[in-house]
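To keep things clear, I will list the structure first and then write my remarks on it.
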Amino acid sequence: MKIHTIVNSTPLSLILPSGMTTLDFIRDTLGLKGTKEGCREGDCGTCMVLVGNPENGQLRYRIMNSCLLPVADIDQSHLVTIEGLNMEGLSAIQRLFVSEGAAQCGFCTPGFIVSVTGYLLSCQKPHYSEALAFLSGNICRCTGYKAIERALEKMLNQLDIPESGWGQFNQRIGWLIQNQILPEYFLHIPTRLAELPTVQKTQKAEYYSLYSVAGGTDLYVQRGEDLEEKEIDRVTGNDMKGITELDDGRCSIGAATTISELTESEVIGRFIPHFADYAGLIACTSIRNRATIAGNIVNASPIGDMSIILLAMNASLLIEDNEGQRETGLLHFFKGYKQFDLSDGERIKAIILPSGNCDWFFNFEKVSKRTHLDIASVNSAIHIKVVGNFIVEVFVSVGGVAPIPLMLHATNRYLKGRELTPELVDGAISTALSEISPISDARGSTEYKRLLLKQLIRVHFERLSEFLTQKIAIR
Ligand SMILES: Cc1cc2nc3c(=O)[nH]c(=O)nc-3n(C[C@H](O)[C@H](O)[C@H](O)COP(=O)(O)OP(=O)(O)OC[C@H]3O[C@@H](n4cnc5c(N)ncnc54)[C@H](O)[C@@H]3O)c2cc1C
Ligand code: FES
Ligand code: FES
């Protein structure tokens, strides 16, 4: 594939295998060794880069793990490595890392500097706790984090942001250049990107192949070496993007929509209240910037967070192949461990959320060993409509307790039509425990997972009680 890109301040046109990782491209092809190779699984953040793409008429920079990023996706983009943040002397962020002792062996430092810069390039208004959460994909093995946190806090405290806010792209970039956070060449990138030769896309595969990559955050972990030398098929075209409210009141989410895009969408906020808070529990910023909603479903992990959320939303899938389209409930999609209802040649085009949910209550809970960058031991979601203290409709889903993301059918049947009382919650827990089959593994024993589900159902009803005007006392 011929790739036209700008790496730091240099426009490049190269022929590369589209499946090659951007990390290998940076280090081996370009010889830029500042970007480090740690885990190659998206877990450490040493390979972090910034990727700038036009979004809503402006250039938008997002942090990404270059070890999971195919070079196909830097075509027509601005790729920024740590070398591209260097200027005469150290940047303001680098100076604080030095003065606060925030680097010891220094292996993680380029990744941290890229991520802090990425935060300042994308935040609405800088805020310390938000910035810390933004760095959730960067791991340091030496400093114990306190020095890094100090450097970050000092950085934010000394920012003197204009009263009027950051303003448009050019104003923000200008301000970051003036404050020695970005080198000057950034100002000219939008014009230079527009001057790149037109994209030459990989040929669209006529069938769904092993190498159909969306965000790549699952595929590159599972079979990164297989993909390195290959031409890959991208399942991220514009026809698979976008979140729209349909004429019939339902919501259509393009299959290639990333978790970050979902989080930023006002429409999603109306269909899944507080979605952004729940999404903060999924992976970390850089993974959410890449991970797509369909990738999470087809990954078919029994603890896939989006699968659990969408099951409780009673979502359906729009599936297409060269012959046409069909719609099927997500409920019927999962057939067994990592088995699902998708034939050769088919792909998910969109995910559809049902209409009329504005008076429903939604909650998602996840228990994992770490808050960020960890998959769940058990996760669960509830979507419920209560009228006059009676449950009119309810969907409870749970992950980590069966070979598939599980809808608790018996529990839903038990709850539906009944009056909301503490006894009812006890009954729901007993029913739920009778329809799961967790196994002991690295994420916890069978007994622990049963206990977690019990507690998560209790928490769902506690949150529901807070939401309802008429409270119930959960025991
Ligand atoms: C460090 C790290 C942390 C993670 N943390 C979490 C977590 O907390 N919670 C969680 O749920 N997951 C987590 N994951 C897993 C992963 O990020 C998600 O499952 C993600 O949503 C996968 O999406 P993707 O676009 O990257 O998939 P890809 O890797 O691109 O693809 C996955 C599979 O889906 C197929 N596919 C993609 N799009 C389509 C389509 N439209 N139609 C048909 N098939 C398609 C691909 O061919 C492939 O088989 C984590 C991963 C990493 C590396
Ligand atoms: S090398 Fe660890 S996240 Fe990429
Ligand atoms: S300074 Fe050594 S890993 Fe962070």
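Residue numbering for the sequence shown is 18 to 492, as defined by our numbering.
Think of the CB as a built atom: it goes at the ideal place given N, C-alpha and C, for glycine as much as any other residue.
CB-CB length for residue i against residue j, believed under 8 Å
i	j	result
Gly233	Leu96	With 8 Å as the limit, Gly233 and Leu96 do not qualify as a contact, their Cβ atoms being about 15 Å apart.
Ser30	Pro179	Not really, about 38 Å apart at Cβ, beyond 8 Å.
Ala150	Ala119	Actually they do not touch by this definition, with Cβ atoms about 18 Å apart.
Ile448	Tyr465	For the sequence presented, residue 448 should be read as Thr rather than Ile. Wrong, their Cβ atoms sit about 20 Å apart, outside the cutoff.
Ile32	Val88	Contact flag wrong, Cβ pair sits at about 11 Å.
Ile80	Met65	6 Å
Lys171	Phe124	Lys171 to Phe124, Cβ: 22 Å. No contact.
Asp376	Lys402	6 Å
Leu347	Leu359	Not a contact, Cβ separation roughly 12 Å.
Leu176	Tyr78	Between Tyr78 and Leu176 the Cβ distance is about 17 Å, and since that is not below 8 Å, they are no contact.
Gly69	Ile206	7 Å
Ile320	Val284	Going by Cβ atoms, the distance from Ile320 to Val284 rounds to 27 Å, so no, they are not a contact pair.
Leu470	Ser397	7 Å
Gly51	Ile99	4 Å
Lys433	Ile408	6 Å
Gly362	Asn339	6 Å
One or two residues paired with residue i in a DSSP bridge
i	result
Glu382	Ser397
Glu170	None; Glu170 has no bridge partner.
Lys19	Ile32
Ser269	Thr261 and Ile369
Gln342	Glu337
Phe484	For Phe484, which the question treats as bridged, DSSP gives no partner whatsoever.
Gln356	Gly353
Asp458	Gly461
Thr27	Val24
Arg467	DSSP output for Arg467 lists no bridge partner at all.
Thr38	Pro87
Arg364	Glu337
Thr388	Paired residue(s): none; Thr388 is not in a bridge.
Thr275	Thr309
Given residue i as reference, the closest of the options once Cα atoms are compared
i	options	result
Cys61	Gln111, Gly128, Lys19 and Ile110	Gly128
Thr208	Gly182, Ser94, Phe478 and Gly123	Ser94
Glu410	His291, Gly373, His205 and Ile336	Gly373
Tyr295	Ser303, Asp322 and Ser269	Asp322
Leu152	Gly184, Lys471 and Ile130	Ile130
Arg460	Ala393, Met18, Asn313 and Leu76	Ala393
Ser35	Glu58, Thr63, Asp90 and Ile80	Asp90
Lys142	Gly184, Gly341 and Lys163	Gly184
Leu76	Tyr145, Leu210 and Ile165	Leu210
Phe114	Ile20, Thr486, Thr126 and Cys140	Thr126
Leu468	Leu485, Ile446, Phe484 and Asp458	Ile446
Asn196	Tyr162, Cys268 and Gln111	Gln111
Gln6	Leu204, Ile310 and Asp177	Here the chain comprises residues numbered 18 to 492, so residue 6 is not present and cannot be evaluated.
Glu117	Ala164, Glu72 and Thr98	Ala164
Val230	Thr38, Leu470 and Ser482	Thr38
Thr463	Ser181, Gly59, Gly191 and Val395	Val395
Gly154	Ile320, Asn306 and Leu441	Asn306
Glu245	Glu436, Asp41 and Asp458	Asp41
Ala311	Asn331, Ser324 and Ile320	Ser324
Leu173	Lys258, Gly191, Ser181 and Ser146	Ser146
Leu390	Ser83, Glu248 and Ser303	Ser303
Phe484	Lys433, Ala427 and His400	His400
Arg251	Tyr136, Asp265 and Leu236	Leu236
Thr134	Glu248, Thr280 and Ala148	Ala148
Residue i CB to nearest heavy atom of ligand 4 below 7 Å
i	result
Val315	With respect to ligand 4, the structure offers nothing, as its ligand set consists of ligand 1, ligand 2 and ligand 3.
Touching by the beta-carbon criterion (3+ pairs, under 8 Å), the segment 186-201 and the segment 151-162: The segment 186-201 makes no contact with the segment 151-162; the number of CB pairs closer than 8 Å stays below 3.
Beta strand (DSSP E) segments (min. 3 residues) lying fully within the segment 172-257: Complete beta strand (DSSP E) runs here, min 3: none at all.
Length at least 3, wholly inside the segment 53-137: the beta strand (DSSP E) runs in chain order: Secondary structure in the segment 53-137: the beta strand (DSSP E) runs of 3 residues or longer, each lying completely within the stretch, are 65-72, 75-82 and 95-97 in chain order.
Stretch-stretch touch, CB-based, cutoff 8 Å, three pairs: the segment 449-464 with the segment 412-430: By the C-beta criterion, the segment 449-464 is judged to be in contact with the segment 412-430, since at least 3 inter-stretch pairs fall below 8 Å.
Any 3 or more C-beta pairs closer than 8 Å across the segment 234-249 and the segment 264-281: The segment 234-249 vs the segment 264-281: no contact.
Given 8 Å, three or more beta-carbon pairs between the segment 470-485 and the segment 382-401: Cβ pair count under 8 Å is three or more, so yes.
The segment 328-347 / the segment 359-372 touching (three or more Cβ pairs under 8 Å): With a cut-off of 8 Å, the segment 359-372 and the segment 328-347 count as touching, because enough Cβ pairs lie within range.
Minimum length 3: unbroken beta strand (DSSP E) runs contained in the segment 390-451: Fully enclosed beta strand (DSSP E) runs of 3 or longer: 395-404 and 407-416.
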